[in-house]
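In this note's numbering, the protein residues as written are 127 to 545. Here a beta-carbon is modelled for each residue, glycine too, at the ideal position from N, C-alpha and C. For reference, the structure is listed below as structure tokens.
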Amino acid sequence: MKIVAFAQNQYRKFPADFERRHEGTVTTPYALAEPGEVRAAFRDYLDYIMQAARAGFDGVAFTEHAQTTYDMIANPSLIGSAIGYATETEGLDVAVYPVGRSLGKAREPVRVAEEYAMIDCISGGRLMAGFPVGLMFDAAINNGVPPIEVRRRYEENLRLVLRAWSDPEPFAWNGRFTQLPSVNIWPRPLQQSLPVWITGVGNPATMKLALENNFGFNYFGWFGSELTASRVFARFREVADAAGIAANPNRLAFMASVCVGETDEEAERVFGPHLEYFFNKGPGATAIGKLAIPGGISLPGIRFLLEDQAGDFGFAHEMRHADIGRILEVGAAVVGSPATVAERLAGIARSYGVGNLVVMLKMGSMPRDLVADNVERFAGSVLPRLRGETVGEDRPHHWWPERLGGSPLPAGDALRGAA
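In structure tokens form, the structure reads like this:
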């Protein structure tokens, strides 16, 4: 089983009444920011990633949330290049995983292909290429893409990126959204076959896309592992069975927010306020109407989204005011002593048949010293326990860099072809 350290770069010093005074993270005026804190947040974020890389994690992950206060990373390729170089210089054999460039909003998809190819070259062949569809408000509001076009733009852009990596000759591209007389990127990825990952929230269309194209599927556990995860992973297996594709735990990843203390009680007391800050002033402070803009989700996707968020599955609607008790009750975070955390994460991996755990050890308003302690406790006392888990160990890992022991296969078969 692979263990990857993940983080977002959230602004940490909003006032206590932030979520009551402001509509959400998307429209927060920058006048609220302290420039010195913004600078410190970026330094602490990069230091966290490097600490995790040195501590023995299999990979490090980061993502993109443009114009959003709960993650100030506008372009994960910048982070990937810096981390790829730093880890290569220090001889740290960790996977470099930008969870996503949001291709649903991209107007220059060839640039995305070039940036990822650069990261793979800089890191010596350790890139895992993440491509989410992207958040609807980011594509439609921040970047002016009509909601009905987001999914189609995503699939066309992904097809163009994959061909730009693999086609040995320059080619013309005449797509619906992009027309180019010549595509001939320099550099190309160092890996012959890049592992490609898609992050989703349960839409069967996204699952089908991942399965048909040999992509890994990553699910974020913010909606509560006790509530939605079992439904999402069961749905993935159903889609795989319908497509006649054998189950392999290594193509699945689960992201969990994780806090490790000396005891369960101490962990809840110390980390509770920071987790509440993360949910109340982060994902929970993003208006639902900006996440699910009409036209941006297919009918099957809407059906399953409503099922997952109905009744007891509605934690997404509670994030804005959830306290630590509710956060733990629904499994939106894993908090406790090393033994408790290890047992809980191992249980998630076994129950859902997941071969990759993505652990978020820096979140909300956590100061750098507390983040460092969390990483140290996890690496020293939780990671060794998880190394004994064998989920996926009997199967090939086609979604991990070859240099690091994976055996990636060509991705994108169902998307290939000229435009």
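| query | result |
| --- | --- |
| Helix, strand or coil: how does DSSP classify Pro464 here? | helix |
| According to DSSP, is Phe439 helix, strand or coil? | Only weak support exists for where Phe439 lies, its pLDDT of 42 falling under 50; the value from the coordinates is given anyway. Three-state result, Phe439: helix. |
| Got a sec, what are the start and stop residues for the alpha helix (DSSP H) Pro510 sits in? | Leu509 to Leu512 |
| Quick one: is Glu338 near chain C, going by C-beta distance under 8 Å? | Here there is only one protein chain, and chain C is not present. |
| Could you check the C-alpha separation between Ala436 and Leu316 for me, to the nearest Å? | Note that Ala436 scores a pLDDT of 46, beneath 50, so its modelled location is shaky and nothing firm can be said. |
| Ignore the nearest five residues each way along the sequence and tell me which others in Thr412's own chain have a CB closer than 8 Å to its CB. | Gly150, Thr151, Val152, Thr194, Tyr196 and Phe263 |
| Candidates Thr215, Glu190 and Leu204: which alpha carbon is nearest Gly230's? | Glu190 |
| Taking the alpha-carbon of Asp170 as reference, which of Val501, Gly251 and Ser292 has the nearest alpha-carbon? | Val501 |
| At which residue ranges does the region 195 to 238 contain complete alpha helix (DSSP H) runs of 4 or more residues, listed in the order of the chain? | 202 to 215 |
| Is Ala167 near Met198, with beta carbons less than 8 Å apart? | yes |
| At what residues does the alpha helix (DSSP H) containing Phe380 begin and finish? | First-last for Phe380: Leu378 to Val386, but that is the beta strand (DSSP E), not the alpha helix (DSSP H). |
| For Val130, does the three-state DSSP call read helix, strand or coil? | strand |
| Among all the DSSP beta bridges, which residues are the ones paired with Trp299? | Leu306 |
| Beta carbon of Ser319: closer than 7 Å to some heavy atom of the ligand SAM? | This structure lacks the ligand SAM, and indeed carries no ligand of any kind. |
| Rounding to the nearest angstrom, what Cα-Cα distance links Pro273 and Asp520 in this structure? | 42 Å |
| Assign Asn135 to one of three DSSP states: helix, strand, or coil. | coil |
| Okay, do the region 443 to 450 and the region 367 to 379 touch, 3+ Cβ pairs below 8 Å being the bar? | no |
| Using 10 angstroms around the beta-carbon of Leu288, count the other beta-carbons present and answer buried if the total reaches 16, otherwise exposed. | buried |
| Taking only three categories from DSSP, how would you classify Leu487? | strand |
| For the alpha helix (DSSP H) that Ala266 lies in, which residues bound it at each end? | Ala266 -> no alpha helix (DSSP H), and no H or E assigned at all. |
| When we look at the beta-carbon of Asn310 and count the other beta-carbons within 10 Å, is it buried (16 or more) or exposed? | exposed |
| For Asp143, count the other beta carbons within 10 Å of its own beta carbon; 16 or more makes it buried, fewer makes it exposed. Which is it? | exposed |
| Whether or not the region 487 to 505 and the region 526 to 535 are in contact is what I'm after, with contact meaning three or more pairs of Cβ atoms, one per stretch, closer than 8 Å; do they touch? | no |
| Return the bridge partner residues of Val186 from the DSSP annotation. | Ala131 and Val222 |
| DSSP on Leu288, reduced to helix/strand/coil? | helix |
| Helix, strand or coil: which one does DSSP assign to Trp323? | strand |
| Distance, Cα to Cα, His523 vs Arg377? | 7 Å |
| For a test of the three-state rule: what should DSSP assign to Arg339, helix, strand or coil? | For the record, residue 339 in the displayed sequence is Asn; it is not Arg. Three-state result, Asn339: coil. |
| Go to Phe504, then tell me how far its alpha helix (DSSP H) extends in each direction, as first and last residue. | Element bounds for Phe504: n/a, residue is neither H nor E. |
| Please state the DSSP three-state secondary structure of Phe346. | strand |
| Within its chain, find whatever has a CB closer than 6 Å to the CB of Ala379; leave out the 5 residues flanking it on each side and keep chain order. | Asn344, Asn482 and Val484 |
| Could you check if Asp438 is buried or exposed, using at least 16 other CB atoms within 10 Å of its CB as the buried criterion? | Note that Asp438 scores a pLDDT of 40, beneath 50, so its modelled location is shaky; the value from the coordinates is reported in the next line. Classification of Asp438: exposed, given that the 10 Å Cβ count is below 16. |
| Three-state secondary structure (DSSP) at Leu253? | strand |
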